[in-house]
Amino acid sequence: MESYLSLLRDIWRSPTGRIGLVLVVAILLFAIFGPVFSVDPNKIAVKDRFQAPGLSHLLGTDNLGRDLFSRTAQGTRAALIISLLVVALSLLIGAIIGITAGMAGGWVDRAVIVVFDIVNAYPAVILAMGLVALYGTGFGNLLIVVTILFIPQFGRMARAQTLSLRHQPFIDAERILGLPTRKLIWRHFLPNVLGPLIVLASMNIPVVITIEAGLSFLGLGVQPPQASLGTLIKDGYTFLNQSWWPTIGSAATLALATLGSTLFGEAVRDAADPKLKGHGR
Amino acid sequence: MPALANFIAHRLAAALLTLAGAILFLFVIIQFVPGDMITILLGPRATPELRADFVQRMGLDRSILEQVWLFFSRAITGDLGTDVISGRKILDMILEALPNTLQLAAAGLLVSVVLGVALGCIAALKPGSVLDTTLGVTSVAFITTPAFVVAIFLLLIFSIQLHWLPVTGAGAPDDPLDRLSHIVLPATALSIGWIGYLARLVRASLLEVLSEQHVRMMRAYGVPEGRIVRHFALRLALVPMIAVMGIGIGDMISNAVFVEIIFSRPGIGTLIYSAILNRNFPVVQAGILFSVITYITANLLVDLLNAVLDPRIARSLKQAA
Amino acid sequence: MSGAAIAGLNIEFATKGGTHHAVRNVTLAAGPGRILGLVGESGSGKSTVALALMGLLAANARVTAGTLQLGADRFDLAQPQATAALRGRRMAMIFQDPFASLNPVFSIRAHLNEVLTRRSPELAGDARRQAAIDALASVGIDRPAVRLAQYPHELSGGMRQRVAIAMALLARPDLLIADEPTTALDATVEAQVMKEICGLRDRIGCSILVITHSLGLVAEYCDDIAVMYAGELVEQGTVKAVAANPGHPYTRALLACEVTIDAPRGTDARQNRFKMIPGDLPDPFNLPSGCIYRTRCDIAIADCARIVPPPVVVGGDTNHWARCIRVGSR
Chain A
37 MESYLSLLRD IWRSPTGRIG LVLVVAILLF AIFGPVFSVD PNKIAVKDRF QAPGLSHLLG
97 TDNLGRDLFS RTAQGTRAAL IISLLVVALS LLIGAIIGIT AGMAGGWVDR AVIVVFDIVN
157 AYPAVILAMG LVALYGTGFG NLLIVVTILF IPQFGRMARA QTLSLRHQPF IDAERILGLP
217 TRKLIWRHFL PNVLGPLIVL ASMNIPVVIT IEAGLSFLGL GVQPPQASLG TLIKDGYTFL
277 NQSWWPTIGS AATLALATLG STLFGEAVRD AADPKLKGHG R
Chain B
3 MPALANFIAH RLAAALLTLA GAILFLFVII QFVPGDMITI LLGPRATPEL RADFVQRMGL
63 DRSILEQVWL FFSRAITGDL GTDVISGRKI LDMILEALPN TLQLAAAGLL VSVVLGVALG
123 CIAALKPGSV LDTTLGVTSV AFITTPAFVV AIFLLLIFSI QLHWLPVTGA GAPDDPLDRL
183 SHIVLPATAL SIGWIGYLAR LVRASLLEVL SEQHVRMMRA YGVPEGRIVR HFALRLALVP
243 MIAVMGIGIG DMISNAVFVE IIFSRPGIGT LIYSAILNRN FPVVQAGILF SVITYITANL
303 LVDLLNAVLD PRIARSLKQA A
Chain C
4 MSGAAIAGLN IEFATKGGTH HAVRNVTLAA GPGRILGLVG ESGSGKSTVA LALMGLLAAN
64 ARVTAGTLQL GADRFDLAQP QATAALRGRR MAMIFQDPFA SLNPVFSIRA HLNEVLTRRS
124 PELAGDARRQ AAIDALASVG IDRPAVRLAQ YPHELSGGMR QRVAIAMALL ARPDLLIADE
184 PTTALDATVE AQVMKEICGL RDRIGCSILV ITHSLGLVAE YCDDIAVMYA GELVEQGTVK
244 AVAANPGHPY TRALLACEVT IDAPRGTDAR QNRFKMIPGD LPDPFNLPSG CIYRTRCDIA
304 IADCARIVPP PVVVGGDTNH WARCIRVGSR
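Chains as they are written, first to last, in my numbering: chain A, 37 to 317; chain B, 3 to 323; chain C, 4 to 333.
See the structure below:
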């Protein structure tokens, strides 16, 4: 627990980390409490369409008169949930595959690397589009598709960590003392592998948010009436000639979310880097 | 230089193998589609004749190995079939759209490299200055804002509000000036993220190189500072940038899809997208194939450029071999 | 070539803790065609002196006073670009880490050409190429024509240092500064590299200033020795004179610390312990009054705190002086 607190302290110390932390907290609060304190995001009131921000509608209304504040909050919630889920899943699956490849070696290891290379041979969005075209849209499919995109990254890192750990003398010592492989993995490999993976995860969150928003923008991600920042931007884009407001609120929220999580992720990475520690702590 | 030729041969072989793997992957994911494969692939227009024709073409009545072989040979020879909607050969459709996308990507690449390197150099030569700090802050904003958001804002401000630049399309094919005006905004949207990223990278790299002993050595021999920076330091500082570009090209291709759609430019991106909306999978598949080929080729070229610029790279292969 | 002399060199560093007067009143002379070894521990300021001569100090350093006399010309080192025009022409430098001295993406030829274009602009094309090949050959590099086209990573550390020496050769300087030229190399390579450096002296008759912390190196290859401690020069003289009759207690202690291969060894391990000089370097922001070395000196007396010792001739040899008021005492 205290190592997490000291991590937060380190992040607070760097100016960019501070901004990132503030933004991340703000976005989180918006996502969690926004929908609670606002009107029904799906309430259609066509006579109120395209209103500018005002007291009754903090971010204005969209083309169907729906309140943008609540829709944006909902969209942010969806974006955060999806990105956290995707990152968690790809971390887990990637770690399992990576550690297995590292431990097994031989043809298993090579096969895994080849598969990773093939997935990485596709530009991310292109692969996602192809998979969605074949397997259909929807929340579940979106989750699976984006997770597939990120598994190779986590897998490679887990594998690299495993490989370097495998040959360390302390592992040999444990083996000689009779520790079964299962316990070896659980007690030694996993903790050492998880650290860098979590740093990688925090750096990937903004990327996932962007990809999800992009796919939803294309209509290939989250489906209406469920709101995602991407679908909101798309709706706004369609009516760009008539009103700015639908686009601006969601686009700005997306930009802030990615900015905040990027700064936060970088601060986490810098704080976790042992080489940077030691001076003036 | 035999080491370099060796290196080229190895990388070429690796690229071809990756391409083969990618094509195989495409085949594999099609096999696992839930439901009736032919309906999904051909879409709602699947008449019985088309279905029979499809079965025969893809060899669905034959063994898996034969199907793989057919798939591969078709992909390699460029026989991508005929589009059920327009009746045109799919290959022609792709070849018509591809130059637009390549032009956009090239323009984006050019802008990001030129501006990114320039800004990075300026920041490195005056570290701590107002310019440097401003760049540091704005570059983060550039990097993190998603390209399609930038594209929409550019469209909003410069096309719709100010009417400075055209809104849609790629411009008349034979009028280079018109085409140029149509490419400005999309290329800018595409390059913004990269400008920020490259600027930071070049800044850090150049600062590091300038503090190294060989630069001191050149100073000790009286080489003017300008020449040291432009000739000796820059070349070394740009090496990490080239290495990074390979991965970045994949991002650029992905973002090109969004930019094309937002600006209604013809290109591979819009082609794939409209094909998805029309449930026209053969076109989608062809588009994906070409995107992968482009990506792998671009990566290969970047690797080769890297080897030419940094003589240490070809050597590592020689040692390993 | 008529030698190099430095007079009254003072250098200050602006640091977070205040102004650090790192080099105080250093006066040295490297005679024509002679090799002067400048010895001192880490932090004694010896490298700083070298960098000041070349005008390569860091941004927070300032030369507050000092002159360089090179032959018949005098240069005021307190002026910012005083010696800039001399670089690569009348002064040359060899750096410590041979693995970092050459730019990895440029060939050996490119490096040598850079020196040649500045120093011998009249040479062009084939003549220039031949000059480069000759330089490489004369520092003992085999197959010089092949090496010319190679890149630094294809050469060993010793070879890269030879390339640096070849560059110095092509510059034909009056003064060559070698900053710990062999510290990063193993003993056999050290001998080869030092041989080439001395060879430079024979070939072009320059003065050489070798900066090192190794007394052994100085004893083996240098003609004269100058000893620095905490930013001040405490002794100078010919190697023979100083080795036989060290005037300053610090020099004496340094020499006593050397372990020779044939020194008598006691049967009890405690008798064979390394000798050390007790104490620490003085706090740079709180220097002791009077003699800088008195806090660690074994023969310090009360007067040592009052008087800043002037150079005192040792053993009747006017070329050998030590800054100690108790020269000759034990």
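Note that the Cβ used here is the ideal one computed from N, Cα and C, for glycine as well. Here the structure is a predicted model, which is why all the values come from computation and not from measurement.
Counting only unbroken stretches of 4 or more residues, the alpha helix (DSSP H) elements lying wholly within the region 138 to 210 of chain C are 147 to 151, 160 to 174, 190 to 207, in sequence order. Residue burial annotation: H203(A) is exposed, with fewer than 16 other C-beta atoms found within 10 angstroms of its C-beta. Neighbourhood of R92(C) in chain B, by CB distance below 8 Å: G224, in chain order. For L265(A), the closest Cβ of chain B is not nearer than 7 Å. Relative to the Cα of A244(C), the nearest Cα in the group D182(C), L212(C), G319(C) belongs to G319(C).
Under DSSP, H23(C) forms a beta bridge with F16(C). Cβ-Cβ distances below 8 Å link N116(C) to R131, A135 in the same chain, with the five nearest sequence neighbours on each side left out; the list follows chain order. Annotated three-state conformation of I207(A) is helix, per DSSP.
When only Cα atoms are considered, G172(A) and F234(B) end up about 54 Å apart. Among the residues of chain C, none has a CB under 7 Å from the CB of M243(B); the nearest is roughly 13 Å distant. Here N116(C) carries a helix assignment [DSSP, helix/strand/coil].
In this structure, T70(C) sits near A10(C), with a CB-CB distance shorter than 7 Å.
Taking all protein chains in view, the Cβ of Q163(B) is surrounded by fewer than 16 other Cβ atoms within 10 Å, so the residue is classified as exposed. Only those residues of the region 123 to 152 of chain C whose C-beta falls short of 9 Å from the nearest C-beta of chain B would be listed, and there are none. Against chain B, the CB of G250(A) has a partner CB under 7 Å away; the residue lies at that interface. Here the region 125 to 145 of chain B lies against the region 195 to 209 of chain B, with 3 or more beta-carbon pairs under 8 Å apart. As the crow flies, the alpha-carbon of I290(B) is around 31 Å from that of T289(A). Partner residues in the beta bridge of V42(C), as assigned by DSSP, are T215(C), V230(C).
By the Cβ test, the region 296 to 305 of chain A is in contact with the region 52 to 64 of chain A, since at least three Cβ pairs between them sit closer than 8 Å. The DSSP-derived three-state label of V262(C) is coil. Taking A303(A) as the centre and dropping the five residues before and after it, the same chain places the C-beta of I47, S50, G53, G56 closer than 6 Å to its C-beta, in chain order. Secondary structure at W280(A): coil, using DSSP grouped into helix, strand and coil. Residue state for K270(A) is assigned as helix, using DSSP reduced to three classes. For P46(B), no CB of chain C lies under 7 Å from its own CB, so it is not counted at the interface with that chain. DSSP, reduced to helix, strand and coil, places N275(C) within a helical segment of the structure shown. At a beta-carbon threshold of 7 Å, none of the residues of chain A lie near S131(B); the nearest stands roughly 18 Å away. Per the C-alpha coordinates, the member of G272(A), A308(A), G301(A), A291(A) positioned closest to G101(A) is G272(A). Residue pairing for W324(C): DSSP places it in a beta bridge opposite Q239(C), V316(C).
The beta carbon of I96(B) lies closer than 6 Å to those of A288, F292 in the same chain, with the five residues before and after it left out.
Between A99(B) and I270(B), the C-beta spacing is below 7 Å.
Within the model, the alpha-carbon separation for S238(A) versus P291(C) is close to 54 Å.
Approximately 33 Å separates the beta-carbon atoms of G248(B) and D180(B); this is outside 8 Å, ruling out the contact.
As for any alpha helix (DSSP H) of minimum length 4 sitting wholly inside the region 43 to 78 of chain B, the runs are 50 to 60, ordered along the chain.
According to the DSSP secondary-structure assignment, D79(C) is paired through a beta bridge with T70(C).
In the DSSP assignment, I221(A) falls outside any alpha helix (DSSP H) and carries neither an H nor an E. Note on geometry: alpha-carbon atoms of L121(B) and G195(B) lie some 14 Å from one another.
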